[in-house]
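See below for the structure under consideration.
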Amino acid sequence: MIAWIITIALLMMSSMTLARPFENNLPSSVISPTFMIRGGSYDDSNDSNGWGASPPPPTPPATDPRVLITEALVRSAVSLLLLEGSSCYPTLRSSQKFRPQSDVYVFIYDLNGTVLFNAGSPSKEGHNTRGLTDTSGFAFHDALITAAETKLGEKWVKYDWPKPGESEASRKWTFAKTVEIDGIEAVVMIGFYE
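Counting with mature numbering (1 follows the signal peptide of the UniProt record, and there is no 0), you get residues -19 to -1, 1 to 175 for the letters of the sequence shown.
Structure representation (structure tokens):
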């Protein structure tokens, strides 16, 4: 927990800015929430206010400090990728800022599902994850990749997956945001276990 607190303090002191504080100044047609998908999809592309016929599924508990930290880490990684492209992969792999705990790390897929980068499991790089399901049969990798289809290009996905070194599945929340890296549209993600 101390690592999470230190990470959020460092992020708050950095020059990174988040879009959320400015949403109140935007017209409602521009504002779109962050989405969480579980066992299906929420299509926000055909409605005028971003909410559709019913409100979007819930996001992780707002009282959990890991939610803000995870979103800030992903946005920080996206900023670094926009500035440096894939040449920043060594920083994403080794920097304690992007790995505050052993089970918290950056991973990146292209929109076809190929793993471009995985700080937690470099051996997965180059493999395609389309159709990979969690223990309940939910194709969570496909859901993560669809972040590109949301208005803000970001969303939360909840699924069940074993923690590193464990065989039993645990609930995991992952925040995904799209970015172009060296001319390739990709999804940058970081998750945490409940």
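Just so you know, even glycine gets a beta-carbon here, dropped at the ideal spot from N, CA and C. Computed from a prediction, not measured in an experiment: that's the story for all the values here.
Check: Candidates Thr51, Val48, Asp123, Lys78, of which the one nearest Val96 by Cα; Outcome: Asp123
Check: Glu52 classed as buried or exposed, judged by whether at least 16 other C-beta atoms fall within 10 angstroms; Outcome: buried
Check: Close Cβ partners of Glu149 (< 8 angstroms) along its chain, the five nearest in sequence each way excluded; Outcome: Pro143
Check: Distance between beta carbons of Ile171 and Val55, contact taken as under 8 angstroms; Outcome: 5 angstroms
Check: Any beta strand (DSSP E) of 3 or more consecutive residues that is wholly inside the segment 104 to 162; Outcome: 135 to 143, 150 to 162
Check: Reference Ile50; option with closest CA among Arg80, Leu73, Arg74; Outcome: Arg80
Check: For Ser68 and Arg74, the rounded distance between their alpha carbons; Outcome: 11 angstroms
Check: Alpha-carbon to alpha-carbon, Gly101 and Tyr174; Outcome: 14 angstroms
Check: Three-way DSSP call (helix, strand, coil) for Thr95 in this model; Outcome: strand
Check: Cutoff 8 angstroms; reference Glu106; Cβ partners in own chain excluding five residues on either side; Outcome: Val96, Leu97, Phe98, Asn99
Check: Residues that Tyr174 bridges to, as DSSP identifies them; Outcome: Lys153
Check: Nearest-angstrom beta carbon gap, Lys136 and Val59 [assumed within contact, 8 angstroms]; Outcome: Val59 to Lys136, Cβ: 14 angstroms. No contact.
Check: Under the three-state DSSP convention, the category Val87 falls into; Outcome: coil
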